[in-house]
Structures are given as C-alpha cells and as structure tokens.
Amino acid sequence: MTQVAGAARIVCPVGVFAAREQEIRTFTAGLNHAASRPEKVAFAARLEAAAEELLACKDRRADDLNCGLCQDFSRLRANTAALILRATRLAC
C-alpha cells in the first residue's frame with residue numbers, strides 16, 4: 745500500500761509566509777468564484793499586492809530552499825494576477 749504524503753509546506757525562516765499564504769488562498773478562492781469583472785479585478789489586485797509583498801521580503805535568504813520556493817510561487821501568483829488584470833482591461 746502506498747502512503748499519501750501530507751501537504752507540502754514552506755517553512756519561512758522569518759515567519760512571514762504563513763500569514764500571507766492564508767490571505768493569498770482567500771484572494772485566489774474569491775477570484776475563482778467571482779462572477780463579475782469588478783469582483784475579479786478586486787481579488788486579482790489584492791492577490792497581486794500580497795504576492796508582491798512576499799517578493800519584496802528583505803529578510804529572504806538566498807541559500808534557503810524555503811525562501812526560493814516562496815519567491816517562485818509568489819512570482820507565479822503575481823504574474824497570474826497581473827495577467828488577469830490586463831485581460832480585464834482589454835475586455836473593456
């Protein structure tokens with residue numbers, strides 16, 4: 745029988761990731777369920793801002809795998825939010 749691993753976690757060495765991650769999950773869920781363009785724009789803007797805060801972390805450690813993962817995921821999330829914002833502007 746195979747064992748199912750638990751959810752992967754980023755262990756932030758400075759304690760910033762966990763709080764922002766919960767907000768990011770909330771904004772992502774809101775974005776996924778938003779029915780109107782203004783709702784999507786609002787959630788995408790919040791998602792982008794939260795991801796940008798993690799990208800701007802001044803305490804990140806270049807040699808820490810957790811910091812690298814945080815930066816990679818945050819960059820993907822910020823890019824996704826920016827793409828959604830651009831697409832909604834083009835649709836106007």
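Taking the numbering used here, the leading residue of the sequence shown gets 745, the next gets one more, and so forth.
Even glycine gets a Cβ: it sits at the ideal position worked out from N, Cα and C.
Expected contact under 8 Å - CB spacing of residue i and residue j to nearest Å
| i | j | result |
| --- | --- | --- |
| Ile-787 | Leu-798 | Here residue 787 turns out to be Phe, not Ile, going by the sequence shown. Contact doesn't hold; Cβ gap of about 17 Å is too wide. |
| Ala-795 | Ser-780 | Not confirmed; about 23 Å, so no contact. |
| Val-785 | Leu-834 | So it is not a contact: roughly 12 Å between Cβ atoms. |
| Ile-692 | Arg-804 | Here the chain covers residues 745 to 836 and nothing more, so residue 692 does not appear. |
CB of residue i within 7 Å of CB of residue j, strictly
| i | j | result |
| --- | --- | --- |
| Phe-771 | Cys-814 | no |
| Glu-792 | Ala-826 | yes |
| Asn-810 | Val-758 | no |
Among the options, nearest to residue i - alpha-carbon criterion
| i | options | result |
| --- | --- | --- |
| Thr-832 | Val-758, Gly-759, Ala-763 and Ala-789 | Ala-789 |
Under the three-state DSSP convention, the category residue i falls into
| i | result |
| --- | --- |
| Ala-835 | coil |
| Ile-754 | coil |
Can you list, in chain order, the stretches of the alpha helix (DSSP H) that have 4 or more residues and sit fully within the region 774-819?
Taken in chain order, the complete alpha helix (DSSP H) segments of 4 or more residues contained in the region 774-819 are 781-799.
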